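For the protein sequence lines, the chains are A and B, in the order given. If you're matching positions, the first sequence starts at 1 in our numbering and goes up one per residue. If you're matching positions, the second sequence starts at 1001 in our numbering and goes up one per residue. A virtual CB, placed ideally from N, CA and C, is assigned to each residue, including glycine. Being a predicted model, the structure only gives us computed values, none of them experimental. Below is one structure, written out as C-alpha cells, with a few remarks after it.
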Amino acid sequence: MATTESPTHDRTESATDQRDDTDTREVLYETTPTTRVVVIQLVATLVLGALVSGLFLANARALGPGLTDIALWIVLGITVIVGLRLGYKMLLLNRTTYKVREDAVQREFNLFFRYLSRELPYEHVWGHELSQRRVQSLLGIGDVAFLTGGNHQGLGFVKFEHVREPQEMRSWIQQALQEHDQDEI
Amino acid sequence: MSSRLIRTVSQPVDIVFRPSALVEGYVSSYSTSLVETWLQAGRLSAYYVLNLVLYAIPLTLAGYGVASTAQAPPLFAALFGAMLPNPDPAFQFLASVAQNGAYLVVASALTLVTYHVGIRITRSSRGFMQSLHTVVYSTGIYLALIFTLVWYLSQAEAIVVADQVVLNFQKELIYAFIDLFQADLALPAGRPTAVDTTRLTLQGKLALTGIVAGFCYYAYALYLGARINHRASRVSSLLAVAFVAISPALYISGSILAVTGQFPVPM
C-alpha cells in the first residue's frame, strides 16, 4: 500500500468516481473534527468588524474627511475576507473524518463532489504530537500531528485538527503503533 | 504537473483569501541537496522575473513610469538592426521597462536583506532560501500591486487629491528624517502642504484603499513566511516584519548620506 518514494499518499477523486467502500481494514477509532473554535473565531471576527465599522460610520471624520471612508472599506474588506475563510474552514471540517486504522492513520474529506483521502502507514511514522492552544484547551479539543521523513513536498506532515477528544485519539494511536511494532517483530 | 497547474489557476483566489498558500515554500526540499536548492532558486528567480515583466510592461505601455529617450547603442542596433528598421523606439521601450522595473527590484532587494536580517536576529532562520521564497512572492505580487497603483495615481489626470495624499505622505516621511538629522536638504517640490481630502473622488478613494490593502497583505505575507517557512514564533515573526518596516528609514538615511556625504546622526 505505501510507496517507497512517499510515506503518505493522497487519493483524489472527481465527481464521477466513488469512494472506496470495499476497504476491509479494521477501523480502530473514527471521529470528526469539531467546529467550535472556528465558530468562536467567526463570531469574534464579525462582532469586531461590526464594532469598528460602526465606529467609523458614527464618526465620519475620525481620520479626516474622505480618509475615514477608506479605513471603513478596509475594515469591511478584512471582515468579509476573514469571515469567508472561516466559513469555508467550517465547511471543510464538517466534511472531514479522521480514522485510526490497524495499519495507518487516515484523513478524508468529501466536499463539492471532491473526495480526498490521505493515509500515513505506521511504518513511516517517526513521531506524533498532541497540542492544545489556550482556547482549544478550554474547550477540551486539540490537534494531533504526525511526523514523517522523506522528501515529498510537504505531504509528509499529516495533521488531525480540532479533534474532539485528543487524549483518546492519542491513546488509540499509541495502541495501534504498539500493535504494529509487535506484528513487525 | 497537474498540481502545479491547479496551483497556478487558484493563485488569484490565494492572493486574496489564502496568502499562506502563496508564501509557503518547499521547506523540506531546501535542506536536502545543493542541486535541489539551486533549482528552486532558479525557479523562484524565474517567477520573480515573470512578475516583474508583467508589472513593468503594462506600466510602460500605458505611458506610466519612466520614459526613456535614449538612442539605441551601436551593439543593440547591430544585433536587431536587421529586424527593426529603426531600433531606437524598441531600445527606448526596453530601457523604460528596465527602469520601471528597477524600482521594484530595489524595493525587493531591500525587503529581502532587512527581512532575512530580522529573521537571523530573532534566531529563527531555517535558511536563506526560505526568506527568498517569502520575499519573491510577497514583493512580486503585493508590492508590485502597490507600485502599480501609485504610478496610476501619479499619471491619472482625473485623480488629483489622492495623488497629493500619497505624495504628501512620502514628503512627510522624508522630511521627518531630514529634520531628525538636521540635514541641509530640501525636496524640489518643497515641504508637504495641507490636502483637502473632502475632494477625494471615488476613484481616488478606491486607489488609496488598494494601496493600503496592498501594504496590509504585504506585511501579512512576510509574517506568514516567517511563521510557516522559518517556523518562527509570533513575536519573532512580528519583529522580522518590523525590520522590513524600518527599511524606508534605512533607504532615506542612505540617500541623505549619499547626497550630503556625511553620516546621518539623529540630533
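*From which residue to which residue does the alpha helix (DSSP H) around VAL1241 (chain B) run?*
1234 to 1245
*Spell out whether any CB of chain B is found under 8 Å from the CB atom of ARG133 (chain A).*
no
*Cβ of ARG114 (chain A) less than 8 Å from any chain B Cβ?*
no
_Cβ-based neighbour list, VAL1097 (chain B), same chain, cut-off 7 Å, excluding 5 preceding and 5 following_ = ALA1056, ILE1057, THR1060
_Under 8 Å, with one C-beta from each stretch per pair, do the stretch 1170 to 1182 of chain B and the stretch 1213 to 1231 of chain B reach the 3-pair mark?_
no
*Would you be able to state if there are at least three C-beta pairs under 8 Å between the stretch 1142 to 1155 of chain B and the stretch 1100 to 1116 of chain B?*
yes
*Check whether the Cβ of VAL1016 (chain B) lies closer than 8 Å to any Cβ atom in chain A.*
yes
*Of the residues B:ALA1219, B:ILE1252, B:VAL1235, the one placed nearest VAL1244 (chain B), counting alpha carbons only*: B:ALA1219
*What are the residues that DSSP puts in a beta bridge with PHE109 (chain A)?*
A:THR96, A:LEU116
*Sort A:PRO33, A:ASP23, A:THR24, A:GLU26 by Cα distance to MET169 (chain A) and report the nearest one.*
A:PRO33
_Local conformation of GLY1225 (chain B) per DSSP, three classes_ = helix
_Using a Cβ-Cβ cutoff of 7 Å, what residues of the stretch 1186 to 1202 of chain B are near chain A? List them in chain order._
THR1197, THR1198, LEU1200
*Secondary structure, alpha helix (DSSP H): runs of 4+ residues fully inside the stretch 1120 to 1181 of chain B*: 1128 to 1137, 1144 to 1155, 1161 to 1180
*Can you tell which of A:GLU165, A:GLU179, A:GLN182, A:HIS180 has the C-alpha that lies nearest to the C-alpha of THR31 (chain A)?*
A:GLU165
*If we cut at 8 Å on Cβ distances, does ALA1226 (chain B) have a partner in chain A?*
no
_N-terminal and C-terminal residue of the alpha helix (DSSP H) that HIS180 (chain A) is part of_ = 166 to 184
*Below 7 Å between beta carbons is the criterion; list the residues of the stretch 61 to 77 of chain A that meet it against any residue of chain B, in chain order.*
GLY64, PRO65, GLY66, LEU67, ASP69, ILE70, TRP73, ILE74, GLY77
*Check whether LEU1239 (chain B) and GLY1118 (chain B) have beta carbons under 8 Å apart*: yes
*asked:* So with CB distances below 8 Å, who are the chain B contacts of ARG85 (chain A)?
replied: PHE1017, ARG1018
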